[in-house]
Amino acid sequence: MSVLEFVNIHKSFGDNEVLTGVDLTVDEGSVTCVVGPSGSGKSTLLRMANGLTTPDVGYVTFDGAIVGHEYRGGSLHAMKRVDAATQRRDIGMVFQQFNLFPHLSVMRNLMLAPSLFSTEPEADRRARAMGLLDQVGLADKAEAMPRTLSGGQQQRVAIARALMMRPKIMLFDEPTSALDPELVDEVLRVMKALAKDGMTMVVVTHEMGFARDVADRVVFMADGNIIESGSPEEFLLNPRTDRAKAFLKRYAVAGDEAAE
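Just so we're aligned, residue 88 is where the sequence shown starts under the working numbering, counting upward by one.
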């Protein structure tokens with residue numbers, strides 16, 4: 088059953104047409120990795136999934152409801168801010184930058200959003216936060232300030248913070264691109280564990296090894312649209328288009344390396 092659907096998505100910023108009629112369906116419980124060269128519209132598409140960016144043409148649905156909009160009087164209107172925030176609670180997102188509140192401890196970063204949207208007792212929220220920090224390997228950092236953490240630790244805190252809202256889907260926008268190479272694996276391990284537990288995930292990434300090991304489907308974007316998609320084996324070992332072949336050659340994942 089599909090949980091997220093992009094229908095005929097067009098988006099321009101000034102004279103720059105970023106997306107040119109994208110259609111994509113994400114099934115519940117699946118892991119979709121979106122790959123492609125810089126400027127292909129990957130991050131813009133992802134931001135539309137939780138209403139941070141609005142299509143010029145087309146629409147996005149989540150659990151059957153149009154993201155950020157509703158029908159009133161027979162026509163489509165932007166949701167009230169409070170209604171959009173309520174819808175967004177079910178859509179967790181982790182960005183390239185960690186976006187932790189620097190003046191709040193790790194625990195307070197995790198507790199903030201649930202305190203605004205949930206009637207759950209504080210003791211229960213704190214216990215759940217500790218459980219999530221343990222899940223990402225940071226139970227000993229609950230009272231630490233973000234500035235004292237490495238980039239990989241901050242990104243793992245950001246993942247735990249998103250999970251505090253009990254989302255139905257997790258969106259990751261190049262979650263390892265801002266990390267030093269030696270810190271990448273610790274974040275990918277957390278993401279692999281989420282996938283193993285059945286979390287629906289859409290991941291914009293340049294980590295081809297992660298896509299190969301975890302994705303149910305790899306979507307290749309270029310020039311504002313989806314050029315091809317398929318299983319990791321199909322895409323990495325037998326790309327159909329010259330555009331995809333050139334991309335994979337550049338990232339050194341074709342042939343023997345992709346088969347390791």
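Heads up, the beta-carbon is just placed ideally off N, CA and C, and yes, glycines get one too. This one's a predicted model, so the numbers in the text were calculated from it and none came from an experiment.
In the DSSP assignment, residue 304 falls outside any alpha helix (DSSP H) and within the unbroken beta strand (DSSP E) covering 304-309.
Counting only the Cα atoms, residue 319 lies some 8 angstroms from residue 300.
Per the coordinates, the alpha-carbon of residue 219 lies some 18 angstroms from the alpha-carbon of residue 188. A distance below 6 angstroms between beta-carbons, with the five flanking residues on each side excluded, links residue 116 to the following residues of its chain, in chain order: 285, 287. Non-local beta-carbon contacts of residue 104 in its own chain, meaning distances under 8 angstroms to residues more than five positions away in sequence, involve 97, 98, 311 in chain order. The Cβ neighbour count for residue 333, taken over all protein chains shown within 10 Å, is under 16; the residue is labelled exposed. With respect to the C-alpha of residue 308, the residue from 283, 335, 296, 297 having the closest C-alpha is 335. By alpha-carbon distance to residue 289, the top candidate from 280, 276, 305 is 305. Here residue 243 is actually not in contact with residue 266; their C-beta atoms are around 11 angstroms apart, not less than 8 angstroms. Contact check for residue 147 against residue 135 passes: the beta carbons are separated by less than 7 angstroms. Contiguous alpha helix (DSSP H) elements confined to the region 256-329 occur at 268-283, 295-301, 319-324, taking only those with 4 or more residues.
Cβ-Cβ separation between residue 259 and residue 278: approximately 7 angstroms, consistent with a contact (criterion under 8 angstroms). When Cβ pairs closer than 8 angstroms are counted between the two stretches, the region 153-162 is seen not to touch the region 196-208, the count staying below three. Inter-segment contact for the region 246-253 and the region 131-145 is absent: fewer than three beta-carbon pairs are separated by less than 8 angstroms.
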